[in-house]
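Taking full-length UniProt numbering, I'd label the letters of the sequence shown as residues 1 to 1164. Just so it is clear, CB atoms sit at the ideal spot from N, CA and C, and this is done for glycine as well. Written out below as structure tokens is the structure these notes cover.
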Amino acid sequence: MVDKKDVVDEKSVTGRESEDVDPTQAPAAGQAGGGEPRIQFTAAVKPGRKRPISGDAPAFGIPITKRSQSIVSIPQVISAKDKDRLQRERENEEKNVTIDEHLMPHADVATRYQTKINMDKPGESYGLTSEQAASLLLEHGPNILTPPKKRHPFLKYLDCLSSLFNLLLVFAGVLEYILLGINFKDNFQNTYLGAILIVVALINAFIEFYQQQKSQALLESFLQMIPAKCMCLRDGKLAQIEASTLVPGDVVYMRMGDKNPADVLVFSASDCHVDNSSLTGESEPQERLKDNDMQNPLEASNIMFNSTLVVSGEAYGIVIRTGDRTMLGQIAHLTAGEEKTASPLAHEIDNFVKLIATIAIVTAIIFFGIAFPVNNNNASLAINFAIGIFVAWVPEGLPATVTMLLTIAAKRMANQNVLVKDLQGVETLGAITLLATDKTGTLTRNQMTATNIWTCDELYEASASAGVEKQVASLDRPGIPDMLHTFALCSRAKFDRTDVPIKEREVLGDATESGLLRYAAEQLDDFDNLATTYPKVFELPFNSDTKWHMSIHKKKHANGALTLYIKGAPERIWRLCNRMLTGVDGECVPLTDKHKEAYDATYEHMASLGHRVLGFAEMFLPADQYPEDFAFDKKEKNYPLGDFIFTGLASLQDPPKHGVREAIGRCRSAGIKVIMVTGDHPLTAEAIGRKINLMLGETKEMVAKRKNKKVEDVGENEYDAVVIHGERIDSLTDAEWDNIFWKDEIIFARTSPKHKLEIVRRAQSMGHIVGVTGDGVNDSPALKKADLGIAMNMSGSDVSKEAASMILLDDNFASIIRGIEEGRLIFVNLKKSIQYTITHSTPEVIPNLLYVIVPIPLPLSAILILVIDLGFELIAALSFAWDPPETAEGLMKLPPRKPVTQETSNIFRRRALRRTQSRFDEEAGVVISPENQTKMQQYMYKARQVFTKEFWVDKFENTGAEVLVDGPLLSWSYIEIGLIEAVGALTSFFVVMNRRGITPYDAHILQKGAGPPTNYFTDDAQPYKGIDGPTQVDILAEAQSMYYWAIMTMQMFNLFACKTRLTLPFGRYMFANRVTFYSILAGAALAAFIIYTPGVEVVFKTTRSLSPLYWLVPMAFGFFIIGYASLRMIIRRRTKPVAWNPEIQGLQMFPTIRTFRSMSIRST
């Protein structure tokens, strides 16, 4: 087995032969001078603006002074809560001392932990004594992760119930029962009203509580990652003990299939490889040795981390960290320290509820004060009126409507393999402006695949899907059969079964050998019998000293019966050869300088693409020296060690998943910035990024190479792509972070979990709505912190799935595109639904105002208002969930609803300054925050802000964002269509009363009454113009029934008027959603049931005598609404045309499967 570090990157970066060059120390592709990668930064500027000339830019790392641009970029603003979190993180880092054991001699580490090891015979190490272990266990505690603090579920439910909206409903419900106590007989119907309001609040709280409980198990999944038992050497005896009893200094033994029980320093290893992908993002198993030359502990070859899996070999090590101090524990701490960011939808609904609540409470109080004297000091009537006003303003059905619309959308997404854990995540996915994606397992398959083969001085594509037949490897090409036999025979990887097709089999073994084996199996006809036909007689496995793997087989040739195959690090294999294969049957020629040049060029080309490169050779053993029964012996080394025939090179890569290229292309076309955040090597990350539309432009180093000048001389405006190494992240300044995020194309490589978290925080501090995809444990803190965390189902760890708000069931990145479309669609439909739903508030509020101010008889009772909100309106509002997009591709051609520019970023940060009571020193370029403020001072500051000019400027400042409830929507609902419906309903109300003998003036006189209290429109009322009390009651009931029916009828027309945003409310689109018509029928049936069903009128005080002839009045107003909506749309088109996204040049939208074809063919 071959290690990536020793093969791919030995030459992939420098193009020179070097045995000990590490990928992390290598210069980036195209970098001048071969030094450390560097990035120059200037003042942050808005993309698309003219950038400053390089010579005028401030020096790297110098505080930003006032800039020449019209906009000064405000640095990141840190809240008091963030300061506390940062302080906790610093304290935790001090408690968990940084790992440095990987840089120390083994004897010094043993001394530090007072343990005894035997380097020559590790199995005979003494380890700790039982007494030492017991003492250390008391000192350090058990080797488990601290379980999360739990709050009682009932208290959590009360938190949900205490939201402003639910408190409003409960308060209104309680008032209804108070009213019942004042006058039980007249207010008996309030029994139903109060109960309904309180039940609605309880249900809303339960829905929110249920969603919270579903994600409670996040940190608990970390606890299950530590193995239950492990092999430990104590008192010189090897025994199996509970992993929870391990202490620093214990000597542990690990072998293939074991899960590492703690962070361990290796002091002896034999062919040991560990799978670090869930912790570091590295796509293939990493070799573990006793020696190390890496500074970064995450890249150290002698450290094995807690919970990682040993995939081959065995090792002995000293436990150096346990429990919360391990790398896994620190990730768990990062995850626990992050609060889930409220979704944009939740924030906007919260703002809307606050607005409505303020209006409802203020108007209810004001008009209660007016109603009391106007209605002859009738307290019961005034309270009833105030409650009616309050109920009319509050859209009781809004939470249920939003929740049910999101639930319907979530079910639709589940059918497309996108599982939504947090309902509001449905809309958040459509709102994201930045998508930070992991590489391994997310963009790529996490499965090494053969890509190129170079043999007999010809370069071939491994995949037949490349599209160029003459350059695709096939068995009739010289050298290809030799290479395929080496792939298949010189390998320790095996298929798990042979009774199913090749594609359905699992490979057991090293990732690289697995890729070669699978490719050979697909190409060779009789693969399953190959090992039997050519049995292995001798083998030398790969090790870190030789860096090659040799096997000898009984395979006859012209000069004997044995054939030797060898593969390994290309430069090592090349040195062992003196001939090169040129044809079939072993035809070869001596190596020359030309061969060496061709080898160097091919190797450099393959490695520069981020591929893993292996060299291959063979030797036909002569029968006179190696007869068929020759006994090879490792100790005697009686096997050939040179003069081989170099057969060629093969490169492998972890290829992109199918559909990824198009998915990222569509994301970018939709105005979403896609960045890669990976723990893998920068070259590998960039190579993949350039194949999948993530990176199209030139980096600073590429520009320098093309223009033949120094990297430092390249101006900030000359490049728009950056690749950032994780080692630089901790030292980046605010200005440097901003400059990175203003670039169009970004890759972060060699990142740790803490780096990923910081990247998310920085992006959010600019106003980005951040989506994060990932599948490893290392992704969980960022997944939780992000506005939307997206985990992989099949390849994802349990921890990542618990931290995420959304899970891709098929691990297909392309499913995100369908989710974004669905998210954008549900936002549009939610907005239409709310626009429709709150329109009826005006025709509900105005009659209550007229009832007390004019006064007139109450056209609409509180119970009927509730029936509107929770009856027909709820049914009709839900129908919007099934509305399709107005145009096929329109949603994905519009920019995100909250685009991020420098102007909007500054507005976002300026508001953060106000919230945190900070100020921005423009000259120094720093944010100055207040210190040691008490809670009372903070509350007083917030109260004073309401009376400042800045507060209201911020509230109404145009940020270019589209929010769920905005000015045009409120204007439509409360002023324009709301007033039309109010006029139409009042007209219908008075038409009915007039037909029954009561003119509007008479209605005013009757309601005003002759003396205290008002004594008309009751059963025992005195006659008026010959109309007795029971008849007055019946007339009012019929008029109120008509008012209710009028609102329903006009809302049916409004339902269609609200459907379109880009087109007129006519044509085929009006009939695209059948559910609309079902909802109209259901709503009309409910209204008819309430008005015309015997017995129901007792509860709702309606009447069955309402004539259908009256329906024509609201229908006429309904047609007027459609006409008004059409005129409004025409005017809006001309004054505010739709702004589509500009096209991005260079996007490759052909299927990702063609990415197996390397750049070599295009370049030639």
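Residue closest to residue i, alpha-carbon to alpha-carbon, out of the options
i, options, result
"Asp600", "Val613, Cys588, Pro590 and Leu328", "Val613"
"Pro297", "Leu309, Asp263 and Glu314", "Asp263"
"Ala228", "Asp235, Gly236 and Gln240", "Gln240"
"Thr546", "Asp457, Leu576, Phe1053 and Met413", "Leu576"
"Cys490", "Pro535, Thr98 and Gly1083", "Pro535"
"Val992", "Glu1038, Thr1018, Ile980 and Trp952", "Glu1038"
"Ile552", "Tyr639, Gly583 and Thr1018", "Tyr639"
"Gln625", "Gly560, Val677 and Gly648", "Gly560"
"Gly1146", "Gly323, His595 and Leu694", "Leu694"
"Val892", "Ile746, Asp457 and Gly819", "In the sequence as presented, Val is not what sits at residue 892; that position holds Met. The option with the nearest alpha carbon to Met892 is Gly819."
"Gly697", "Asp713, Thr684 and Tyr719", "Tyr719"
"Met256", "Phe267, Leu309, Asn994 and Lys354", "Leu309"
"Tyr157", "Met940, Phe951, Ile207 and Ser752", "Ile207"
Euclidean distance between Cα positions of residue i and residue j
i, j, result
"Asn96", "Thr451", "For Asn96, the predicted structure reports a pLDDT of 49, less than 50, and the residue's modelled location is therefore unreliable. The matter cannot be settled from this model."
"Glu396", "Ile196", "10 Å"
"Phe367", "Tyr974", "19 Å"
"Ala704", "Arg1061", "48 Å"
"Pro895", "Leu435", "14 Å"
"Arg321", "Glu314", "20 Å"
"Gly671", "Ile432", "10 Å"
"Ile875", "Ala1085", "11 Å"
"Trp574", "Ala134", "55 Å"
"Lys4", "Gly615", "A caution first: Lys4 carries a pLDDT of 38, below 50, which makes its placement in the model too unreliable to give a value."
"Pro261", "Gly141", "15 Å"
"Leu128", "Pro248", "9 Å"
"Ala392", "Ile868", "10 Å"
"Met1149", "Thr773", "21 Å"
"Leu443", "Ala520", "25 Å"
"Ala400", "Glu686", "46 Å"
"Ala569", "Glu886", "57 Å"
"Arg910", "Phe827", "27 Å"
"Tyr970", "Phe305", "What sits at residue 970 in the sequence shown is Leu, not Tyr. If you take the alpha carbons of Leu970 and Phe305, they lie about 56 Å apart."
N- and C-terminal bounds of the alpha helix (DSSP H) containing residue i
i, result
"Glu504", "No alpha helix (DSSP H) holds Glu504; DSSP gives it neither H nor E."
"Ser514", "Ala511 to Gln523"
"Val109", "His106 to Arg112"
"Trp574", "Pro570 to Arg575"
"Asn638", "Element bounds for Asn638: n/a, residue is neither H nor E."
Residue i and residue j closer than 8 Å at C-beta
i, j, result
"Leu530", "Glu628", "no"
"Leu809", "Ile790", "no"
"residue 1167", "Gly123", "Because the chain is modelled from 1 through 1164, residue 1167 falls outside the range shown and cannot be assessed."
"Gln1040", "Phe1017", "no"
"Thr455", "Gly479", "yes"
"Ala473", "Leu517", "no"
"Thr146", "Asp324", "yes"
"Gly1118", "Phe1053", "yes"
"Ile361", "Val845", "no"
"Ala409", "Ala386", "no"
Boundaries (first-last residue) of the beta strand (DSSP E) holding residue i
i, result
"Phe646", "Phe644 to Gln653"
"Val613", "Arg612 to Leu621"
"Glu716", "First-last for Glu716: undefined, no H or E at that position."
"Gly313", "Leu309 to Arg321"
"His725", "Ala721 to His725"
"residue 1212", "Outside the shown range of the chain (1 to 1164) lies residue 1212, about which nothing can therefore be said."
"Glu745", "Glu745 to Ala749"
"Val240", "Looking at the sequence provided, one finds Gln at residue 240 rather than Val. Per DSSP, Gln240 belongs to the beta strand (DSSP E) from Lys237 to Glu242."
"Lys831", "Where Lys831 is concerned, there is no enclosing beta strand (DSSP E), although the alpha helix (DSSP H) it sits in stretches over Ala814 to Thr837."
### Query
Where in the segment 978 to 1056 do unbroken runs of the alpha helix (DSSP H), each at least 4 residues long, occur, reported from the N-terminal end onward?
1000 to 1008
### Message
Just to confirm the assignment: which complete alpha helix (DSSP H) runs, minimum length 4, are found wholly within the segment 398 to 468?
### Response
398 to 414 and 425 to 431
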